[in-house]
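Only one structure is covered here, and it is reproduced in the block below.
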Amino acid sequence: MSSLRSLRFALAAATVLVASAFATPAFASVTAPVSGVEYTTLAAPQAVPAGKKVEVIEFFMYHCPHCNALEPQLEAWVKKQGDNIVLKRVHLPSTGANDPEAHLYLTLDAMGKAQEMQAKVFHAVHVERIRLNTDEAIIAWVSKNGIDRAKFVDAWNSFGVQTKLKRLGATVTAYKIDFAPAIVIDGKYMTAPSLVAASDKSRDEQQLFRSTLQVADFLVAKAAKSK
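Each residue of the sequence shown is one higher than the last, beginning at 176 in my numbering.
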C-alpha cells in the first residue's frame, strides 16, 4: 500500500515540477479552498472530543519521505495554532495488522515519548538509513537512544498498545485514508499535499507543504465556527 501511494504522490509531484509557478504562494488568501479540489469532506464524519479545540489528525508513516519532509513545517504550524487545536497522529499500518513502525509509534505514545522521539525516528530512517522494520531492530534502536529497554518492552507488549495496534485497521477504514501524509480536520475534512498539488503549481515541495497547511488553516477556522 505504501509503495503504491508513494508512487502516486511522486507522480503528482512530478506534475507540479513541470507546471508553471503560481503567481502568489498564499493562494488561500486569494481564493478559498474548494471541497473536492484542495480538500475533501468526509462522507462519514468521525466523532471528535467535545470542547472548543479543533482536532487535527496527521496520518503518516515513518518510512514515508514526504512525511519526513513535511514534519518541520507541520511542527511549526502546530505551534502557530496553539490552543486552537489538539494534534493527534495515526501511523498507517502499511504492512498489515502487526506493522512494526505503527507498533513503534503506539508504544512511544503510550510512554509519553512520541513527540520527543518523532524527529529522532525520522532522522534514523531517512538520514542514517536505519531500517526499523522488525521488532528486534526497533527495540535495539530505542535502547541506544535514551529509552529504557525494559520499560519499552513492557509498553510494547502491554494490553493497551496491543489493543490499539489491532484497532488501527478499523480506524483507517473509518476515515478511508490509505496514503500519507494526510491531515484530517475535526473528523470532517481531509487535505493532503497530493490533493493540493493539483491547484498549487509551485515548483517546490516545501511551497506545496506551505500551501497544504494554508488549506489546513482554512479548515481549522471553518471547523471552529461550528463548535
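C-beta: ideal position from N, C-alpha, C; glycine also.
- In the DSSP annotation of this structure, the continuous segment of the alpha helix (DSSP H) that includes M292 starts and ends at 289 to 301.
- Per DSSP, the continuous beta strand (DSSP E) segment holding L262 begins and ends at 260 to 266.
- Residue pairing by DSSP puts E233 in a beta bridge opposite R264, I358.
- Proximity to D375 across T387, Y364, T366 peaks at T387, based on C-alpha coordinates.
- The DSSP-derived three-state label of T338 is helix.
- Taken atom to atom, the span from the alpha-carbon of V395 to that of I360 is near 6 Å.
- Here the C-alpha atom of M286 lies approximately 43 Å from the C-alpha atom of T206.
- Residues of the same chain with a CB within less than 6 Å of the CB of L262, apart from the 5 flanking positions on each side, are V231, V253 in chain order.
- Our two residues, F334 and H266, have alpha carbons roughly 18 Å apart in a direct line.
- For S210, same chain residues with a beta-carbon under 6 Å away, outside a window of 5 residues either side, are T216 in chain order.
- Collapsing the DSSP output to three states places T366 in a strand.
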